[in-house]
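Enquirer: Mind looking over this structure? Questions follow.
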Amino acid sequence: MASSMEVECYLLSSNPDAPNSPLPVIHYRNVLPEPRNEESVTEFLTRNRWEKRGTWGHIPIRHFHPNSHECYGIFSGHSTLLIGKINEGTGQEISVSTGDVIVLPAGTAHSCLESSEDYRYIGVYPEPQDTNVHGI
-13 MASSMEVECY
-3 LLSSNPDAPN
7 SPLPVIHYRN
17 VLPEPRNEES
27 VTEFLTRNRW
37 EKRGTWGHIP
47 IRHFHPNSHE
57 CYGIFSGHST
67 LLIGKINEGT
77 GQEISVSTGD
87 VIVLPAGTAH
97 SCLESSEDYR
107 YIGVYPEPQD
117 TNVHGI
């Protein structure tokens, strides 16, 4: 893990397209342990009853999960995420890169605006939760 932790929090208002959440989006920069690969990130993020639900890259579809928090562990590349906005309202752009962790509270709209070709992350969710997708 990195020797110093940089944490950013984003509070988002609800809007006509997405409820967002009164809880903040939390972005930890450069906190994942080395080596940064799918296996090590999965082991790190699933230690505390968070369940891996997949490995993804660039997802441009704006959406939210109404009943489950979501956490990304980025093990390759970089991306610019848009949080808090589907069609209307204001959103926040966040740059994420290898080694970052981002926690999205239930109801938070999110998508990728642009990503490097090697952008990959795992998604983990609190156990046991079903995830739904709303928006688009």
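So in the working numbering the end of the sequence shown lands on 122, straight run, no missing numbers.
From the three backbone atoms N, C-alpha and C, an ideal C-beta is built for every residue, glycine too.
Model, not experiment: these values are computed from the prediction.
What whole-angstrom Cβ distance do N1 and D86 have, given they're in contact under 8 Å?
Expert: With 8 Å as the limit, N1 and D86 do not qualify as a contact, their Cβ atoms being about 25 Å apart.
Enquirer: Does the separation of the CB atoms of H55 and S81 fall below 8 Å?
Expert: The answer is no: Cβ separation not under 8 Å.
Enquirer: Could you tell me which residues DSSP pairs with R15 in its beta bridges?
Expert: Looking at the DSSP assignment, R15 forms a beta bridge with E(-8).
Enquirer: If you reduce the DSSP assignment to three classes, tell me which class M(-13) lands in.
Expert: Caution is warranted here: a pLDDT of 48 is assigned to M(-13), below 50, making its placement in the model unreliable, and the coordinate value is therefore given only provisionally. Coil at M(-13), not helix or strand.
Enquirer: Please determine, among C98, G109, I108, G93, the residue with the shortest C-alpha to C-alpha distance to L(-2).
Expert: When each option's Cα is compared against that of L(-2), the closest is G93.
Enquirer: Short check: CB of V(-7) to CB of I88, under 8 Å?
Expert: Result no, Cβ atoms of V(-7) and I88 do not sit closer than 8 Å.
Enquirer: State buried or exposed for N34, treating a residue as buried only when at least 16 other CB atoms are found within 10 Å of its CB.
Expert: N34 comes out exposed.
Enquirer: Determine whether the beta carbon atoms of V110 and L31 lie at a separation below 8 Å.
Expert: Their beta carbons are under 8 Å apart, which means V110 touches L31 by this criterion.
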